[in-house]
Amino acid sequence: MAAAVPEFYCNPTQLKDESLPTFSKQDLKADQARDPLIALTIKALTANQREILLTNSPDGARLVYKEWERLKMLDGVVYRRGPSTNAEETQQLFLPTKHRESVLRSLHDEHGHLGAERTFKLVRDRFYWPCMRAEVESYCHSCLRCIQRKTLPTRTAPMSHLQSQGPMDLVCIDFLCLEPDASGQGNILIVTDHFTRYAQAFSTKDQRAPTVAKVLMEKFFVHYGLPRRIHSDQGRDFESRLVGQLLELLGIQKTRTTPYHPQGDAQPERFNRTLLNMLGTLSNTEKQSWSRHIATLVHAYNSTESDATGYSPYRLMFGREARLPVDLAFGLSLDQTSVASHRNYVDRLRKNLASAFEQARLTSGNREQRNKRNYDLKVRIQDLQPGDRVLLKNLGAAARQKLADRWSSQVYIVCKQLPGLPVYQIRPDGKAGPFKNWHRNHLLPLREAVRIPVGDELSLPLY
């Protein structure tokens, strides 16, 4: 009978936020009154005399003076009108000094150890204090877990881009492999909505086709609806007859990338790195049961603003920002507008989403063009011609060995280039097939006289 109890009920996901009690309006009012800088601000606002901030002023008062037009008091509590980058203007609580460390701990340490910029955006949407960006950056850059885990980013700019027109127009799926945890989970099925960047991650014990079909149907489709297209690499689990029949039955179009070339399917690859970094910041004890922490880490990712769109994935997917524990603790609301009826709510939601979608398309398009331009500046590759002889980059299990050859010993013949893509169809030299499609970056052109290289350095004549 015990086996029938879902694992979730035995080991429920914990929303960690031990550092933050809940504060009433009276608590916040009292804490602000005890903070020297905010107390002076209250005095200036009450008297409507801006110059008070310049007399015997504590540190930061001159910066507050410059924000005078944005300051206001609601029920005796000081707020600042935040930047209206999204549909609604935010109300930033002027946060007393005594609460700043606990807020940073909540929105960084207990929110997946996201980077300084993402953490700053989370703080900025909710709070204000002078020199806030510098303090957030200093906090994140001095975080031991981040220093121990995170590495310099690698260059992964796509040469061609998938296109999507709205939420659930295109969904990308990919598997991420990790060391099995205490429950035997060793894989994560990543499902990412291409347009909104909204991601979900599901731990599994294997990558078999029945597992893929079951997770997609029972954990994604029933919650978010059916996408128009699903995109993946050419893994056997995704290309299986079972998954193909399921998608065909549901009327979902299936597309795929060139094998072993993540640039054609960049979003899951980028999220994979982000999730790995977040999992890497778990304590050694938590890593032993990493599958229990995936849900909260992915939610942290979805609730922070994406550089690619200018909005959080959660907002683009659901039309509102996610409510976080810190919002409940300080009584914050990111949506200041009340509605009188369901119809009014739907009308406002439609208007706000239309504006957000258009801005997201513009921001994402500009970013993709900039990435492609920067990538192409560093690329010096000549096109291959039919009949050219090439070697194929060694990307199998042997490639993970440090002393393995970088290129396979089999020579291939180029048959043709696929229309509009840096992808070529090749076949083994001296054979009629089988045919394979590979990206140009993974093909090494050869002259007539070929000597397969030995050792680290390649001495092959290149075009």
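Residue 1 is where the sequence shown starts when you use full-length UniProt numbering, and the numbers rise one by one after that. All residues carry an ideal CB built from backbone N, CA and C; glycine is no exception.
For the candidate residues the options, whose alpha-carbon lies nearest to that of residue i?
| i | options | result |
| --- | --- | --- |
| E248 | T257, I230, G235 | I230 |
| Q49 | K72, P419, I252 | K72 |
| F94 | I42, Q253, Q200 | I42 |
| D35 | L297, H99, S138, V123 | H99 |
| E69 | G76, R105, S57, E51 | E51 |
| L384 | I38, D347, R133, Y424 | Y424 |
| R228 | R241, F220, K214, K254 | K254 |
| R81 | P21, E218, C177, R124 | R124 |
| P428 | V411, N441, V326 | V411 |
| E67 | P83, N56, E137 | P83 |
| D59 | S408, A47, A39 | A39 |
With DSSP as the reference, label residue i as helix, strand or coil.
| i | result |
| --- | --- |
| M168 | coil |
| N284 | helix |
| R155 | In this prediction, R155 has a pLDDT of 38, which is less than 50 and means its spatial position is unreliable; what the coordinates show is noted afterwards. R155 falls in the coil class under three-state DSSP. |
| residue 465 | Nothing can be reported for residue 465: it is not among the residues displayed for the chain, which extend from 1 to 463. |
| R81 | strand |
| A3 | Confidence is the limiting factor: at A3 the pLDDT is only 43, short of 50, which leaves the residue's position unreliable, though a coordinate-based value still follows. DSSP places A3 in helix when its eight states are reduced to three. |
| L324 | coil |
| L443 | strand |
| residue 482 | Any answer about residue 482 is impossible in this case: the structure gives the chain only from 1 up to 463. |
| L178 | coil |
| T46 | helix |
| Q245 | helix |
Looking only at its chain, what residues have a beta carbon closer than 7 Å to the beta carbon of residue i, apart from the 5 residues adjacent to it on each side?
| i | result |
| --- | --- |
| S291 | D181, S183, Q185, S203 |
| G225 | M168 |
| M317 | P167, D193, T196, Y198 |
| Q200 | V191, F220, V298 |
| A3 | Because the pLDDT of A3 is 43, which lies under 50, any placement of that residue in the model is unreliable, and the number read from its coordinates should be weighed accordingly. Excluding sequence neighbours, A3 sits near nothing in its chain. |
Quick one: is the Cβ of residue i within less than 7 Å of any heavy atom of the ligand COA?
| i | result |
| --- | --- |
| E117 | Questions concerning the ligand COA fall outside what the structure shown contains, since it holds no ligand whatsoever. |
So, for residue i: in the same chain, excluding its five sequence neighbours on each side, which residues have a beta-carbon less than 6 Å away from its beta-carbon?
| i | result |
| --- | --- |
| L443 | V390 |
| N187 | F175, C177, T204, Q207 |
For residue i, report the span of its alpha helix (DSSP H) as first-last.
| i | result |
| --- | --- |
| F94 | Per DSSP, F94 belongs to no alpha helix (DSSP H); it is in the beta strand (DSSP E), 91-94. |
| Q32 | 25-34 |
| T255 | Element bounds for T255: not the alpha helix (DSSP H) but the beta strand (DSSP E), 253-256. |
Quick check on the DSSP output: the beta strand (DSSP E) that includes residue i runs from which residue to which?
| i | result |
| --- | --- |
| M73 | 71-74 |
| H231 | 229-232 |
| Y424 | 423-428 |
| N187 | 187-193 |
| C415 | 407-417 |
| R236 | Here R236 belongs to no beta strand (DSSP E), and DSSP marks it neither H nor E. |
Please return the same chain residues whose Cβ sits closer than 8 Å to the Cβ of residue i, not counting the five positions on each side in sequence.
| i | result |
| --- | --- |
| L54 | A61, R62, Y65 |
| D237 | F175, Q207, R208, A209, T211, V212, V243 |
When you compare the CB of residue i with every CB in chain D, is at least one pair closer than 8 Å?
| i | result |
| --- | --- |
| R343 | Looking for chain D here will not work: only one protein chain is present. |
Looking at C-beta atoms only, is the number of pairs between the stretch 306-316 and the stretch 128-144 that lie closer than 8 Å three or more? no
Given 8 Å, three or more beta-carbon pairs between the stretch 294-311 and the stretch 106-113: yes
State whether the stretch 270-290 contacts the stretch 186-206, with contact taken as three or more CB pairs (one from each stretch) at a distance under 8 Å. yes
Would you call the stretch 203-214 in contact with the stretch 321-331, where contact means no fewer than 3 C-beta pairs closer than 8 Å? no
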